[in-house]
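Down below is the structure, laid out as structure tokens.
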Amino acid sequence: MWSAAQPTARGRWRLVLWGLVALALLALVERRAAQASPHDTFIDVETEQDLYDAISARLISSETFERLLELLARGVVLDTATREELHELPNLTYAEVDAMLALRAQVGTLGNGSVLVQVGVLSQRQLDAIAPFLGRGGSLGKGAAALGPGVPFAAWAQVGSRVSRQDREAPPVALQLRAQTSSGLSLGLGLALTRHRLGAVVFDPTRQALLATPPEPTLTVAKATLRWDARWFSALAGSYRVGFGQRVTFDDTGADQPSGAVQDDQVAVDGGLVRACKEGDAEAPSSCAAERARLVTSDVRWREGLWGVALAARQLPVGRSGAGLLDLHVWASLAPRSVASHELVNLRRCEALLDCEAPSVLRRPTGPLLSPTSRYLAARLPAMFSERMLGGNVTYARDRRSHLGVTGYVSRLHSLVSGAELALQEGARWPTTGRFGAVGLSLARGRGAVDVGAEVARTFEQATNQRAGSGGLGAVLRLAWADARRELEVVGRYYEPTFNNPYARSVAAADELQGQRARDEAGVRVRGAWTATRLSARAGLDAWASPTTLVPKLSSYLRGEWQTSARWRLGLSVSYDDKDLLHGGRDECFEGTSGVDARGEALACRGARRGGAARAVLLFPTGALVAQASHDVVDAGAARRSERRHDSSVWLIASAHTQNGVSLRAQARYREASLQGQPHDRSVAAAVEARWPMRAADWVRVRLDGAAALAGPAARAPATASLWVGYELVY
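Count along the sequence shown from 1, add 40, and you get the number used in the working numbering.
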């Protein structure tokens with residue numbers, strides 16, 4: 041039982057309603073299925089900013105956004121990609137992937153994919169949708185696609201920068217470089233020119249605080265990776281990512297079904313704006329108090345991955361007939377880790393972790409260290425810890441769809457700041473002990489029409505003087521099937537409250553326990569898609585509960601699209617999210633927290649959000665015009681109050697492609713939030729983007745963004761504008 045309390049009438053009707061929706065979804069699917077992993081909606085994007093727009097309009101989930109953002113930067117080469125890598129491409133089922141592999145084996149090369157449309161494996165719309173994710177080279181980059189007979193070397197580079205109207209310093213710059221030789225050697229490099237990242241951090245024993253060097257323009261080698269691939273062996277040194285199985289035991293890749301180490305050279309200029317002044321008053325007034333309202337371009341971003349060596353022996357024949365294949369992987373990493381200032385504690389200042397407060401972070405004085413100084417607010421502190429890790433994986437495969445694998449790793453964090461015994465708060469990403477690991481067993485089985493995958497893992501944390509050791513179990517079971525027009529994926533998961541694994545990237549809800557999503561959760565997610573000649577529908581339902589709180593929650597959506605004619609495409613979607621199916625109501629909130637209990641701990645919101653959107657697309661031979669309107673009703677009640685906030689938005693998007701390869705895109709957005717019929721927040725935004733070829737394979741991309749708040753807390757701030765410029769070169 042979830043709870044001793046009985047569900048209200050409202051809760052019972054919701055359970056019945058969504059039960060009927062689930063049954064209707066199952067009825068759409070025939071049992072003679074092929075495999076599938078449907079996305080939230082049909083993915084049709086060209087750039088990173090398109091993905092940001094899609095998640096802003098709530099067309100995709102955060103999980104889909106993160107996976108596609110990484111895939112857009114990493115890319116896939118049709119001629120070398122594995123079955124799992126091809127299935128990472130959006131809008132493709134396993135049946136279509138298997139047909140692509142069969143055609144590749146027959147003709148030898150797929151090139152840019154046009155042959156897939158010619159023989160009927162994919163539609164032109166599908167090929168156009170996956171085109172932005174192609175040609176950036178599987179493990180390397182766009183240069184890999186250019187390798188062929190008589191071509192010993194290929195390279196790809198991309199440089200981008202962004203500047204806003206209130207910037208007064210050098211703009212951020214991100215540079216990616218990839219190269220590959222026909223002998224199997226590949227190189228990746230990511231350089232970043234940053235302006236807002238804090239410098240070195242030291243501990244001041246007199247103040248019992250941290251002193252951070254003020255930020256200044258700095259050129260950083262954020263990523264550097266070198267890989268060599270032979271027939272049965274590969275070696276990777278530098279920055280990389282690793283993942284296996286259903287992503288319960290270890291995954292640092294972001295892929296849906298990872299199977300080893302991949303190079304990591306991804307850096308990008310963030311599209312957002314941040315406050316120029318991040319200081320507050322302390323011993324001395326803030327040195328930039330007059331600039332607290334100024335918004336400037338945010339820095340280059342990159343994800344902290346692994347640094348070290350990864351070795352792999354692949355597809356080693358085993359058994360008498362040699363029909364089975366064995367993969368062996370081992371990796372070692374020594375990587376610096378940055379943390380948010382509020383995630384730290386100094387154990388020398390308290391007796392137990394729960395009694396500790398985060399140390400203050402002060403601006404390091406330019407003169408004597410004891411000079412009065414200001415403090416940093418919500419600072420991100422670089423290189424506070426080093427993480428030492430050792431891991432391995434052994435996988436036996438009977439065929440390309442069936443395998444059994446064992447994965448394990450151990451990790452330990454070491455403080456890089458002398459003079460203080462720094463540790464991590466409960467809400468930090470890594471376990472507070474700083475010494476942890478996991479071991480797990482994964483399997484996959486594909487036969488005919490059905491694919492099944494499962495993984496179970498056990499975590500462990502070593503004991504320290506402040507905390508006893510612990511660990512827990514986590515498990516995921518995945519079932520997928522579909523036919524040519526119907527797809528269904530069912531994923532069940534269970535994570536114990538003590539399952540604390542910062543490298544678990546398996547299916548989980550957005551809520552967290554002490555900084556971890558895949559923790560203290562039991563649930564089932566169902567996603568399905570149905571496609572006819574002119575009609576298509578996609579639906580998803582995720583129901584879960586915390587084993588400790590026994591609160592049932594739900595997230596769901598239903599989206600449909602109708603191709604009314606050769607020029608018109610209409611779409612309609614509805615969504616419903618509830619953080620407490622049994623006890624929610626108008627007096628509850630949906631976002632943030634609802635207060636604190638008698639012990640001073642935050643109380644979770646238990647409200648709901650209901651939403652709907654309509655979309656119309658007018659197609660032209662050289663472009664499209666899109667109009668979308670959405671409206672959400674969000675529970676925003678507080679104690680002794682009953683309110684619902686109404687969020688509305690309208691999007692207009694126009695795109696065009698000319699015969700000489702130039703792409704143009706313009707969009708405008710209006711957004712409003714109101715409480716009790718009065719506007720609480722109102723804003724407008726617009727963007728214009730152009731992309732055109734320079735040489736045979738080089739591209740220039742320019743984007744201009746602008747935004748203004750018309751009502752609400754930000755209405756007094758000036759309008760913002762930023763310009764993004766990028767150049768992509770292929771050799």
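In this text, a Cβ means the ideal position worked out from N, Cα and C, and glycines have one as well. Just so it is clear, the structure is predicted and the values come from calculations on it, not from any experiment.
With 16 other Cβ atoms within 10 Å as the buried cut-off, status of residue i
| i | result |
| --- | --- |
| residue 222 | exposed |
| residue 660 | exposed |
| residue 210 | exposed |
| residue 617 | buried |
| residue 475 | buried |
| residue 256 | exposed |
| residue 631 | exposed |
| residue 321 | exposed |
| residue 691 | buried |
| residue 443 | buried |
| residue 305 | buried |
| residue 85 | buried |
| residue 521 | buried |
| residue 302 | buried |
| residue 172 | buried |
Nearest-angstrom Cβ-Cβ length linking residue i and residue j, presumed shorter than 8 Å
| i | j | result |
| --- | --- | --- |
| residue 307 | residue 263 | 6 Å |
| residue 346 | residue 280 | 6 Å |
| residue 629 | residue 675 | 6 Å |
| residue 593 | residue 549 | 7 Å |
| residue 421 | residue 252 | 7 Å |
| residue 212 | residue 235 | 6 Å |
| residue 89 | residue 311 | 6 Å |
| residue 762 | residue 314 | Not confirmed; about 11 Å, so no contact. |
| residue 118 | residue 174 | 6 Å |
| residue 564 | residue 465 | Going by Cβ atoms, the distance from residue 564 to residue 465 rounds to 32 Å, so no, they are not a contact pair. |
| residue 596 | residue 286 | Not a contact, Cβ separation roughly 23 Å. |
Closest by C-alpha distance to residue i, when choosing among the options
| i | options | result |
| --- | --- | --- |
| residue 472 | 379, 746, 623 | 379 |
| residue 241 | 458, 216, 315, 601 | 458 |
| residue 527 | 498, 496, 566, 513 | 566 |
| residue 224 | 712, 236, 173, 276 | 276 |
| residue 387 | 462, 366, 414, 327 | 462 |
| residue 429 | 747, 146, 259, 348 | 348 |
| residue 427 | 373, 446, 398 | 373 |
| residue 433 | 165, 551, 369 | 369 |
| residue 706 | 689, 725, 700 | 725 |
| residue 453 | 425, 440, 699 | 425 |
Between the CA atoms of residue j and residue i - distance to the nearest angstrom
| i | j | result |
| --- | --- | --- |
| residue 600 | residue 578 | 6 Å |
| residue 501 | residue 480 | 15 Å |
| residue 266 | residue 99 | 37 Å |
| residue 292 | residue 412 | 42 Å |
| residue 246 | residue 416 | 18 Å |
| residue 590 | residue 470 | 25 Å |
| residue 560 | residue 583 | 14 Å |
| residue 180 | residue 195 | Reliability of the predicted coordinates at residue 180 is poor, the pLDDT of 37 falling under 50, and no value is obtained from them. |
| residue 537 | residue 487 | 35 Å |
| residue 215 | residue 197 | 7 Å |
| residue 517 | residue 350 | 28 Å |
| residue 205 | residue 158 | 48 Å |
| residue 478 | residue 510 | 12 Å |
| residue 207 | residue 418 | 21 Å |
| residue 753 | residue 371 | 49 Å |
| residue 467 | residue 431 | 25 Å |
| residue 67 | residue 525 | Because residue 67 carries a pLDDT of 36, less than 50, the predicted location of this residue cannot be relied on, and the following value inherits that uncertainty. Roughly 13 Å between the two C-alpha positions. |
| residue 642 | residue 353 | 49 Å |
Reduced DSSP secondary structure (H/G/I, E/B, other) of residue i
| i | result |
| --- | --- |
| residue 218 | strand |
| residue 582 | strand |
| residue 165 | helix |
| residue 752 | coil |
| residue 146 | helix |
| residue 104 | helix |
| residue 116 | strand |
| residue 425 | strand |
| residue 82 | coil |
| residue 173 | helix |
| residue 322 | coil |
| residue 691 | strand |
| residue 530 | strand |
Chain D contact for residue i (CB, 7 Å cutoff)
| i | result |
| --- | --- |
| residue 531 | No chain D appears in this structure, which consists of one protein chain only. |
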